[in-house]
Amino acid sequence: MAQSFLFHRGRASAEARPWLTGIISTVESLTLRIVWWISARIGPDRAGRFGALLLGTIGPHLAKSAHLRANLAIAMPNLGEHDLDDLTKRAWRETGRVMGEFPNFGTICVDEAADRLEIIEHYDMEPLRRGERQAILVSGHFANWELAAGCSRKVGFPLDVLYSPQANEEVDTMIRHHRQALGVGLIPRQQAARAILRSLAARRNFGVLLDQRYDDGEPVPFFGHDTPSGIAPAMLAIRQGVDYVPVRVERKKDAHFRVTFLDAIKPDPALDSPREQAIEMT
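So my numbering is basically just the index in the sequence shown, starting at one, shifted up by 11.
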């Protein structure tokens, strides 16, 4: 989820009007607490629909929506104004589904995992289960992206994942509470380097979402544009000699999902340097 849950507030605005930041943080945390109180009591399917209705209605009117729409226009320049508006609303609805499902991770990932999580293994996960091999698993913000990690309990392998703490500390605490049901270790982005190495040294696996903002990243083609991207996970896989495995999450219906572990991406020996290999892998 974004570092600011609902409202955009830049650093300059926060420094100029700290009282406003406090009010916004309180509104954010109270809103989320109420939404999640309701969501926890109606089950994952209805909670997802509730979240989709709520954020699909409110989201397009938030300041963040203009930024979302502008990015969609860059990625899909052939869409007309009406189609862009429709796609923006659909994006808010899907984000709302994920929001509604957060308090139900225990149901999705543990209690009803046999029914709600379909696992497809193009990559052989058995050596990871036995601790004979390790992998860096990469995914993106597809369907409910949290389940790229949350399926690890059902699949049966140890996993630590990278996350970006929320600017709103109360919201961050609530999110981390619900993520406990995913059954994975959480590594804050600010402490990533050493923590990831410790995780791999402990014979665990590491997961990260790649489609995030990397201001100082390497340019990688993305929807026809060179976009700063994080090649560090691929570099780490090359240097540590572990597999680099893409994971795809698909929503089948309501809170039922298909998680696919795709074949590992191997570094191209024809390329001159690990950096070039990592860019090509990313």
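All C-beta atoms, glycine included, are put in the ideal place defined by N, C-alpha and C.
Small disclaimer: the values here were computed from a predicted structure and weren't measured.
query                                                                                                                                                : result
In whole angstroms, give me the CA-to-CA distance for residue 6 and residue 132.                                                                     : Only positions 12 to 293 of the chain appear in the structure, and residue 6 is not among them; the question remains open.
How would you label residue 34, buried or exposed, when you count the other beta carbons within 10 angstroms and need 16 or more for buried?         : exposed
Per DSSP, which residues does residue 240 bridge with? Please list them.                                                                             : 229
Residues in its own chain within less than 7 angstroms of residue 40 by CB, not counting five upstream and five downstream?                          : 179, 181, 182
Would DSSP call residue 150 helix, strand or coil?                                                                                                   : strand
Look at the Cβ atom of residue 192, then the Cβ atom of residue 268, and state whether they are nearer than 8 angstroms.                             : no
State yes or no: is the beta carbon of residue 149 nearer than 8 angstroms to at least one beta carbon in chain C?                                   : This model lacks chain C altogether, as it is built from one protein chain only.
What residue range does the beta strand (DSSP E) around residue 195 cover?                                                                           : Residue 195 -> no beta strand (DSSP E), and no H or E assigned at all.
Tell whether a beta-carbon distance below 8 angstroms holds between residue 158 and residue 270.                                                     : yes
By how many angstroms is the C-alpha of residue 108 removed from the C-alpha of residue 189?                                                         : 15 angstroms
Decide yes or no for the touch test of the region 215–232 against the region 160–179: beta carbon pairs closer than 8 angstroms, at least 3 of them. : yes
Find the nearest neighbour of residue 142 within the set 290, 167, 196, 266, judged by alpha-carbon distance.                                        : 167
Hey, could you find the ends of the alpha helix (DSSP H) residue 180 is sitting in?                                                                  : 180–190
Tell me whether residue 136 is buried or exposed, calling it buried when 16 or more other Cβ atoms sit within 10 Å of its Cβ.                        : buried
Distance check for residue 293 and residue 85, CA to CA, integer angstroms please.                                                                   : 20 angstroms
I need the boundaries of the beta strand (DSSP E) containing residue 261, first residue and last residue.                                            : 254–264
Count the CB pairs spanning the region 111–130 and the region 195–211 that are closer than 8 angstroms, and state whether there are at least three.  : no
Look up residue 170 in the DSSP assignment and give the residues it is bridged to.                                                                   : 216
By DSSP, does residue 72 sit in helix, in strand, or in coil?                                                                                        : helix
Skipping 5 residues on each side, what residues in its chain have a beta carbon closer than 8 angstroms to that of residue 275?                      : 134, 146, 254, 255, 256
Quick check on DSSP: helix, strand or coil for residue 138?                                                                                          : helix
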